[in-house]
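The block underneath contains the structure these notes are about, expressed in structure tokens.
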Amino acid sequence: MRVFLPLLLGTILSGCNEDLQPRVDRLEAELRAIRSDTRDTVEELKNRVIAAETKVGVSGDGKSLDERIGVLEDSFSEVLEMKSRDNEMVYLRTNLQGHAPLLTDHGTFLVRMEGLDLNVATGGYTVHLNIGNPQAIAVQQFTLRGDHGGGTPELADDEDYNLRNEKIQAWQKTLKPFEARVAKVLEPFSWTPFDIEIAADDRDQLEMIRFSMIVENAQLNRQSGSDNGTTNRFSHIQVDAKSASVLKTDYGAFLIAIKNAEKTDLGTKLQLEIGNPYGFTLNQCRLIGDYGAAIPLRADSATEEEYGERMQVWSESLQPFESMISSEISNFRWSKSTILIPGPIENVKFLRCQLRIEDVTLPAAVK
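Numbering (the numbering used here), first residue to last: 99 to 465.
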């Protein structure tokens, strides 16, 4: 028995080895195949990555990756610029003469800076602005959003004024943002003065002020059939202003610019130009309103109460006047004319008036 058992176990193990050997050989062959396939897959992936990197780095026309990104940035900037044209920035400077156009999504307005004064109470500055509204809507609430700082840097003749210029980038970083929400109504066809407060350490930081206007609330004024010609609104005109003012009438909006004031024995003669953007001629019209000295400046008053008192006295000092326009106001052009104000020249610095049109004609039809 002891001899038989080892022989039997040896026979069994010998049979198992004969069965296991082919299985081991088969498994080794499968493993070699898997390793080969894996090497092929890794090599294929490596080649695809290299091809992709080559495609991204250099385009078909030979441009490098940096050049292609630069082209895309320029195109994107153009798209942003076109998108922002509804509310474009207006650039104002303290020495700017006349007005500047202010483009908004409600149309084009006119804006000019009348000056700025140090606000002792806040340590900042009060900026006096005046916005002309040539639209037929009353803007009841709006926001001015922009920034301020020193003047733009001087560039050489071969340098472009764009955001990729290092000088412009450095200047942009020095600008300080501001936002002013204004609740004063911008009446149609008239100028509206108002003030905003800007936090600045000195006047050099206000050499340039730029902003866009976001209209938040506006209303279309409807004319009533029972107005009986009373839809004319009074316009406020500074006699020594360098820009034109808007006169609203039943026939539309006209422009008026005072070119010179002359002292005469009968009063003050004003030489003016009236712009007529319409196809009819004004044969007879007149200006009616009040005249007086220049409007008191807020900076000349120590407190709001004092300024209010000075405005009250000034308002009560205004004198009425009525003057015929001395010549026809031709269609589609500026026309020169004169009016006579019955007051000394030193007291004729401000006009609160309206244009009354009494007779118009249209050109004859072409046959």
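In this text, a Cβ means the ideal position worked out from N, Cα and C, and glycines have one as well.
At a Cβ-Cβ threshold of 9 angstroms, Phe287 and Lys340 do not count as neighbours. DSSP, reduced to helix, strand and coil, places Tyr389 within a strand of the structure shown.
Take Pro291, set aside five residues on each side of it, and the residues of its chain with a beta-carbon closer than 6 angstroms to its own are Asn228, in chain order. The beta carbon of Met306 sits closer than 8 angstroms to the beta carbons of Tyr189, Leu190, Arg191, His246, Gly247, Gly248, Gly249, Thr250 from its chain, once the five residues preceding and following it are set aside; these are given in chain order. At the C-beta level, Gly230 and Ser310 stay beyond 9 angstroms of one another.
Rounded to whole angstroms, the separation of the alpha carbons of Ile437 and Ser425 is 10 angstroms.
In the same chain as Glu285, and ignoring 5 residues on each side of it, the C-beta atoms closer than 7 angstroms to its own belong to Asn231, Ala236, Arg331, in chain order. Taking 3 residues as the minimum length, the beta strand (DSSP E) runs contained wholly in the region 207-292 are 223-231, 235-247, 274-280, in order along the chain. Taking Leu200 as the centre and dropping the five residues before and after it, the same chain places the C-beta of Val188, Phe207, Val209, Met311 closer than 6 angstroms to its C-beta, in chain order. DSSP lists Phe240 as the bridge partner or partners of Val313. By the criterion of a C-beta distance shorter than 6 angstroms, Ala297 is surrounded in its chain by Gly222, once the five residues flanking it on both sides are discounted. DSSP, read as helix, strand or coil, puts Met187 in coil. Val337: not part of any alpha helix (DSSP H); DSSP gives it neither H nor E. Among the bridge pairs identified by DSSP, Asp457 is matched with Gln382. Beta-bridge partners of Met409 (DSSP): none assigned. Taking each of Leu449, Tyr349, Asp302 in turn and checking the Cα distance to Gly387, the smallest one comes out for Leu449.
Rounded to whole angstroms, the separation of the alpha carbons of Lys447 and Glu414 is 15 angstroms. Rounded to the nearest angstrom, the Cβ distance from Ile354 to Ile372 is 5 angstroms, consistent with a contact under 8 angstroms.
Counted as a single uninterrupted DSSP element, the beta strand (DSSP E) harbouring Ile372 occupies residues 365-374. The beta-bridge partner set that DSSP reports for Gly377 is empty. In the DSSP assignment, Arg450 is bridged to His334, Asp388. Counting along the chain, no beta strand (DSSP E) covers Gln195, and no H or E run does either.
Ranked by Cα distance from Trp289, the first of His226, Ile335, Thr459 is Ile335.
Judged by DSSP secondary structure, Ser433 falls within the beta strand (DSSP E) whose first and last residues are 431-439. For the set Gln195, Leu370, Lys265, Phe430, the Cα lying nearest the Cα of Asn358 is the one of Leu370. If you draw a straight line from the Cα of Leu380 to the Cα of Val280, it is about 37 angstroms long. Taking 8 angstroms as the upper bound for CB-CB distance, Thr202 and Val313 are in contact here, some 6 angstroms apart. Within the DSSP secondary-structure output, Glu360 pairs in a beta bridge with Lys367.
DSSP places Glu420 in the uninterrupted beta strand (DSSP E) bounded by 417-422.
Rounded to whole angstroms, the separation of the alpha carbons of Ala198 and Arg243 is 16 angstroms. Taking 8 angstroms as the upper bound for CB-CB distance, Tyr349 and Val458 are in contact here, some 7 angstroms apart.
In this structure, the straight-line span from the alpha carbon of Arg408 to that of Val337 is close to 20 angstroms. If you check the CB distance, Ser421 and Leu385 come in under 9 angstroms. Excluding the 5 residues flanking it on each side, Glu277 has same chain C-beta neighbours closer than 6 angstroms at Arg243, in chain order.
Within the same chain, and ignoring the five residues on either side of Leu416 in sequence, the residues whose Cβ sits closer than 6 angstroms to its Cβ are Asp388, Gly390. Between the C-alpha atoms of Trp412 and Asp255 there is a straight-line separation of about 51 angstroms.
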